[in-house]
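Asks: Residue numbers (our numbering): 23 to 284.
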Amino acid sequence: MVRRYWKIYSTFFKTSFARELQFRANFIAKILQNMTWFGFFLVILFVVYGQVKTVAGWDQRGAQILGATLYIVGSFSNLLTYSVLEIPDHVRNGTLDFIITKPVDSQFWISMRKFNFAEIGSLLGGVTLVVISLIGFHPFPSAYQFLLYVIGVICAAVNLYGFQLLLMTTGIYFIRIDNLWVLGETITGLGRYPMDIYPNGLRFLLSFVLPVAFFSYFPSLQLVNGANPMVTIEGVLISAAFFLLSRLWWRYSMRHYSSASS
């Protein structure tokens, strides 16, 4: 079973890469576009920290790590599971019927069918910014802190995938609602800022109802404020819970899905 799905996954990877090579100019343009948005983010940071030294206790280096981490998580997740964002389009176009009749798990197909290699630019930009921000960092993070950070980033990518799948699957019930991905990006974008700037109620919502704080805030704390294994354990548990919840929601929705021909 694992071997079969790995073969399918490899085929998806190759066909996605071949598609990008067919339209190289468009591929390069998308990479440049993503890097431009990343540049705008940096400009905003420089403007803000040109006026103040800290924001809610976060200095410029910490804020750069926080924002860069969100770019890393978002780019990594969208690179591997970009096709999740196309679920509402499949519903409207009737192509979801084609997917669910395949002799393969429909969630696997809908999640892994298309890779978005244009995210490589943002991914590398985020990693580079984290490295640059850590130069001259005192005290410099330990290997243990880096380990917890990497685990946090992986859990964050799983969290983001689960969140996107939950949101996009609602397109099965609300066919006329366009641009669900915009709502998702708006909510995810709240993770660019320290949770400390939000009121207590909203902070709780973004930490334990919507896992926005686990997208970037808590992983970044491992580098900025020191290692905290309990936060890592919480991140693992919440990512597992969100993945399971999204899985159950998808299976429930498939059982109640009315085909385009009905």
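Beta carbons: idealized from backbone N, C-alpha and C, even for Gly.
Going by alpha carbons, who is nearest to residue 98 out of 80, 140 and 118?
Replies: In the sequence shown, the residue the question calls residue 98 occupies position 76. Taking only the C-alpha atoms, the option nearest residue 98 is 140.
Asks: Between 209, 193 and 171, which has its C-alpha nearest residue 255's C-alpha?
Replies: Along the sequence shown, read from residue 1 onward, the residue named residue 255 stands at position 233. It is 171 whose Cα lies nearest to the Cα of residue 255.
Asks: Quick check: what's the CA-CA separation for residue 33 versus residue 223?
Replies: Translated into the one-based positions of the sequence shown, residue 33 becomes position 11. Translated into the one-based positions of the sequence shown, residue 223 becomes position 201. If I take the Cα positions, the gap works out to 45 Å.
Asks: Got a sec? Which residues, its chain only, sit under 6 Å from residue 148 by beta carbon, not counting five neighbours each side?
Replies: In the sequence shown, the residue the question calls residue 148 occupies position 126. Counting only Cβ-Cβ distances below 6 Å, and skipping sequence neighbours, we find 90, 93 and 94.
Asks: Specify the secondary structure class of residue 126 as computed by DSSP and reduced to three states.
Replies: Locating residue 126 in the sequence shown gives position 104, where the first residue counts as 1. Three-state DSSP puts residue 126 in coil, outside helix and strand.
Asks: Along the alpha helix (DSSP H) that carries residue 203, what are the first and last residues, could you check?
Replies: Looking up residue 203 in the sequence shown gives position 181. Run containing residue 203: 202-211, per the alpha helix (DSSP H) assignment.
Asks: With the cut-off set at 8 Å, would you say residue 131 and residue 142 are in Cβ contact?
Replies: In the sequence shown, residue 131 corresponds to position 109, counting from 1. In the sequence shown, residue 142 corresponds to position 120, counting from 1. For residue 131 and residue 142, no; Cβs fall outside 8 Å.
Asks: Using the three-state DSSP reduction, which class does residue 289 fall into: helix, strand or coil?
Replies: Given that the chain is displayed from residue 23 to residue 284, the structure contains no residue 289 and the question cannot be resolved.
Asks: Check this for me: beta carbons of residue 96 and residue 210, under 8 Å apart or not?
Replies: Looking up residue 96 in the sequence shown gives position 74. Looking up residue 210 in the sequence shown gives position 188. Their beta carbons are under 8 Å apart, which means residue 96 touches residue 210 by this criterion.
Asks: Got a sec? Which residues, its chain only, sit under 7 Å from residue 276 by beta carbon, not counting five neighbours each side?
Replies: Taking the first residue of the sequence shown as position 1, residue 276 is located at position 254. The residues are 122 and 128.
Asks: In whole angstroms, what is the alpha-carbon distance linking residue 257 and residue 229?
Replies: Taking the sequence shown and counting its residues from 1, one reaches residue 257 at position 235. Taking the sequence shown and counting its residues from 1, one reaches residue 229 at position 207. Roughly 10 Å separates the two Cα atoms.
Asks: Apart from the five residues on each side of it in sequence, which residues of its chain come closer than 6 Å, Cβ to Cβ, to residue 138?
Replies: Here residue 138 refers to the residue found at position 116 of the sequence shown. Cβ within range, chain order: 100, 101 and 104.
Asks: Would you call residue 28 buried or exposed, if buried means 16 or more other Cβ atoms sit within 10 Å of its Cβ?
Replies: The residue labelled residue 28 in the question sits at position 6 within the sequence shown. So residue 28 ends up on the exposed side.
Asks: Taking 6 Å as the limit between beta carbons, can you name the residues of its chain near residue 136, skipping five residues before and five after?
Replies: In the sequence shown, counting from the first residue as 1, residue 136 sits at position 114. Answer for residue 136: 38, 104 and 105, listed in chain order.
Asks: Thinking just about the alpha-carbon of each residue, which of 162, 133, 153 and 190 is nearest to the one in residue 87?
Replies: Walking along the sequence shown from the start, residue 87 turns up at place 65. When only C-alpha atoms are compared, the closest one is 153.
Asks: Please confirm whether residue 178 and residue 236 have their CB atoms less than 8 Å apart.
Replies: Here residue 178 refers to the residue found at position 156 when the sequence shown is read from its first residue. Here residue 236 refers to the residue found at position 214 when the sequence shown is read from its first residue. Yes, Cβ-Cβ distance for residue 178 and residue 236 is below 8 Å.
Asks: Would residue 215 be called buried (16 or more neighbouring beta carbons within 10 Å of its own) or exposed?
Replies: Position 193 of the sequence shown holds residue 215. So residue 215 counts as buried.
Asks: Compute the distance between the beta-carbons of residue 77 and residue 219, then report whether it is under 8 Å.
Replies: Sequence index remark: in the sequence shown, residue 77 carries index 55 (1-based). Sequence index remark: in the sequence shown, residue 219 carries index 197 (1-based). Yes.
Asks: Assuming residue 197 contacts residue 279 under a Cβ cut-off of 8 Å, what Cβ separation, rounded to an integer in Å, is found between them?
Replies: For the purposes of this step, residue 197 is taken as residue 175 along the sequence shown, with counting starting at 1. For the purposes of this step, residue 279 is taken as residue 257 along the sequence shown, with counting starting at 1. About 11 Å separates the two Cβ atoms, so there is no contact after all.
Asks: Would you decide whether residue 58 is buried or exposed? Buried here means 16 or more other CB atoms lie within 10 Å of its CB.
Replies: In the sequence shown, the residue the question calls residue 58 occupies position 36. Exposed.
Asks: Once you ignore the five residues that flank residue 175 on each side, which residues in its own chain have a CB closer than 8 Å to its CB?
Replies: Here residue 175 refers to the residue found at position 153 of the sequence shown. So the list reads 91, 94, 95, 98 and 241, once near-sequence residues are dropped.
Asks: So who's on the other strand from residue 80, going by DSSP bridges?
Replies: Against the sequence shown, residue 80 aligns to sequence position 58. Note: residue 80 sits in a beta bridge opposite 77.
Asks: Leaving aside the five residues before and after residue 26 along the sequence, list all residues of the same chain whose C-beta is less than 6 Å from its C-beta, in chain order.
Replies: Your numbering for residue 26 matches position 4 in the sequence shown. Cβ within range, chain order: n/a, list empty.
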